[in-house]
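**Q** This is the structure, below, for whatever I ask next.
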Amino acid sequence: MDHHHHQYVDFGLRREDNIDNNDRKGDENNNNLDLKRGSWTVEEDFTLMNHIALHGEGRWNSLARSAGLKRTGKSCRLRWLNYLRSDVRRGNITLEEQLLILQLHSRWGNRWSKIAQHLPGRTDNEIKNYWRTRVQKQAKQLKCDVNSKEFKDTLHYLWIPRLVERIQASSNSNNQVNIQKTNENIIINNNKNNNNIVPNMIFTQENYSSTTTTTSSENSIGTQISDMSDNCYTNYPLNQSDYGEILISPTGGYFQQGDIFNDNNHHQNMSQLFLDDNVCDNLWNIDDMLFLQQQLN
DNA sequence: AACTTGAACAACCGCGATCAA
DNA sequence: GTTGATCGCGGTTGTTCAAGT
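Structure below.
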């Protein structure tokens, strides 16, 4: 992104000079008296937006100074990128977005910024928060580590298929999503007329194995996504009819690598989890729990 | 009606990478 | 090549607000 070589007024403020001379990271250091921290006020937001409208973004330290904001450049940058920018999309994370986050995270790990690039309007911070507050919470309730195979299996074999199913269900009820099923994949097309700006998704059978065998071929998904512009591949199966079978007896087909139900403790944990009302949030609704209960019994 | 508690979101911080003089 | 400034990422902490006690 090009930096704007605009003129800016030097107010002659001394505060950064001191720190900068003494400490290379001075501009990041905010223990100076003049600097404001914490939540941004409406006035500050206005000041920042107006200044950027007039002069562009970038060079945040001098921008902060010339705008008259008693904030670090870093703070201004963050406020702009994560909140004030017009194309920032906030609010409920849709099912499709949840699915994408889970998929991409399973492939890339905590590469929040990279993941965010594939969720238009979402910031890395928001995705990170989602992961911590929702996904990690689930792991906690399952009493297992988010990074454990146990939990990853839960994501892959229960959570994600259920998300897919809910997306399908919502498509049936309100026609917002059009799902085509073929032998090899499921294609979800979002209706562009609504507000849903989540990219389309194509689930292919072929790439499934490549993800579960860990190490990311970053290329494959990365280029696929960019090449397809509006589409992206994920690596998840497929035919809805498989899900039931998988959930009951996940030993065949795509799931050679893991069987979460082999572990009795885990089975119990899962059963308890889905009977627990607390788990009934955005991720799991009542129907989900009934469904999963059936599979578990 | 005061408190805790916790979920959700916002902001901060350190540090390595990159830029530019 | 060196050095200071800036950017961007990911981990972490802080803030807010609503629900529970």
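As numbered in UniProt numbering, residues 1 to 297 make up the first sequence, in order. No residue lacks a Cβ here, since even glycine has one placed at the ideal position from N, Cα and C. None of the values given here were measured: they were computed from a predicted structure.
Using the C-alpha atoms, what's the distance from A53 back to L84?
**A** Within the first sequence, numbered from 1, the residue matching residue 84 stands at position 84. Within the first sequence, numbered from 1, the residue matching residue 53 stands at position 53. Taking the straight line joining both Cα atoms gives about 11 Å.
**Q** L81 to N129, Cα distance in whole Å?
**A** Sequence index remark: in the first sequence, residue 81 carries index 81 (1-based). Sequence index remark: in the first sequence, residue 129 carries index 129 (1-based). Going by the C-alpha atoms only, they are around 16 Å apart.
**Q** Do K36 and K70 come within 8 Å of each other at the CB atom, strictly closer than that value?
**A** To locate residue 70, count along the first sequence from 1; it is residue 70. To locate residue 36, count along the first sequence from 1; it is residue 36. It is a contact, given that the beta carbons lie within the stated cut-off.
**Q** Less than 8 Å between the C-beta atoms of L48 and L95, yes or no?
**A** In the first sequence, residue 48 corresponds to position 48, counting from 1. In the first sequence, residue 95 corresponds to position 95, counting from 1. No; because the gap between Cβ atoms is not below 8 Å, this pair is not in contact.
**Q** Should V88 and G58 be called a contact, given that it needs their Cβ atoms to be closer than 8 Å?
**A** The sequence position of residue 88 within the first sequence is 88, counting from 1. The sequence position of residue 58 within the first sequence is 58, counting from 1. No. Outside cutoff.
**Q** Roughly how many angstroms separate the alpha carbons of A64 and F46, rounded to a whole number?
**A** Along the first sequence, one-based indexing puts residue 64 at 64. Along the first sequence, one-based indexing puts residue 46 at 46. Going by the C-alpha atoms only, they are around 13 Å apart.
**Q** For the alpha helix (DSSP H) containing E126, list its first residue and its last residue.
**A** One-based indexing of the first sequence puts residue 126 at position 126. That run of the alpha helix (DSSP H) goes 124-130.
**Q** Where in the region 19-94 do unbroken runs of the alpha helix (DSSP H), each at least 4 residues long, occur, reported from the N-terminal end onward?
**A** Runs found: 42-55, 60-66, 73-79.
**Q** Mapping the DSSP letters down to three states, classify Q136 as helix, strand or coil.
**A** Here residue 136 corresponds to residue number 136 of the first sequence, with the count starting at 1. Three-state result, Q136: helix.
**Q** Considering only their Cβ atoms, is the gap separating L100 from L155 smaller than 8 Å?
**A** Within the first sequence, residue 155 is the residue found at index 155, counting from 1. Within the first sequence, residue 100 is the residue found at index 100, counting from 1. No; because the gap between Cβ atoms is not below 8 Å, this pair is not in contact.
**Q** How should residue 374 be labelled, buried or exposed, when 16 other C-beta atoms within 10 angstroms of its C-beta is the threshold for buried?
**A** A query on residue 374 cannot be resolved here, the shown segment of the chain reaching from 1 to 297 and no further.
**Q** Pick helix, strand or coil for K143, following the three-state DSSP scheme.
**A** For the purposes of this step, residue 143 is taken as the residue at position 143 of the first sequence. Annotated three-state conformation of K143 is coil, per DSSP.
**Q** Within its chain, find whatever has a CB closer than 7 Å to the CB of residue 298; leave out the 5 residues flanking it on each side and keep chain order.
**A** No answer is possible for residue 298: the residues shown for the chain start at 1 and end at 297.
**Q** Which same chain residues, not among the five before or five after L104, have their C-beta less than 7 Å away from its C-beta?
**A** Walking along the first sequence from the start, residue 104 turns up at place 104. Closer than 7 Å at Cβ, skipping near neighbours: I115, H118.
**Q** For D124 versus W108, is the C-beta spacing smaller than 8 Å?
**A** Here the question's residue 124 lines up with position 124 in the first sequence. Here the question's residue 108 lines up with position 108 in the first sequence. In terms of Cβ geometry, D124 and W108 do not form a close pair [threshold 8 Å].
**Q** Where does S171 sit, in a helix, a strand or coil, going by DSSP?
**A** By one-based count along the first sequence, residue 171 stands at place 171. Three-state result, S171: helix.
**Q** Around the C-beta of E43, are 16 or more other C-beta atoms found within 10 angstroms, so that it is buried, or is it exposed?
**A** To locate residue 43, count along the first sequence from 1; it is residue 43. So E43 ends up on the exposed side.
**Q** Quick check on DSSP: helix, strand or coil for S148?
**A** Locating residue 148 in the first sequence gives position 148, where the first residue counts as 1. DSSP places S148 in coil when its eight states are reduced to three.
**Q** How is R162 classed by DSSP in three states: helix, strand or coil?
**A** For this step, residue 162 is matched to residue 162 along the first sequence. Looking at R162 - three-state DSSP - the assignment turns out to be helix.
**Q** Would you mind giving the Cβ-Cβ distance between S86 and K152, rounded to the nearest angstrom? I have them listed as a contact below 8 Å.
**A** Numbered from its first residue, the first sequence carries residue 86 at position 86. Numbered from its first residue, the first sequence carries residue 152 at position 152. With 8 Å as the limit, S86 and K152 do not qualify as a contact, their Cβ atoms being about 37 Å apart.
**Q** Between which residues of its own chain and D145 is the CB-CB distance below 7 Å, once the five residues before and five after are set aside?
**A** Here the question's residue 145 lines up with position 145 in the first sequence. Closer than 7 Å at the Cβ level, and outside the excluded window around D145, lie A139, F151.
**Q** With DSSP as the reference, label L119 as helix, strand or coil.
**A** As a working note, residue 119 is residue 119 in the first sequence. Coil at L119, not helix or strand.
**Q** So for R111, helix, strand or coil by DSSP?
**A** What you label residue 111 is simply residue 111 of the first sequence in a count that begins at 1. If DSSP states are grouped into helix, strand and coil, R111 belongs with coil.
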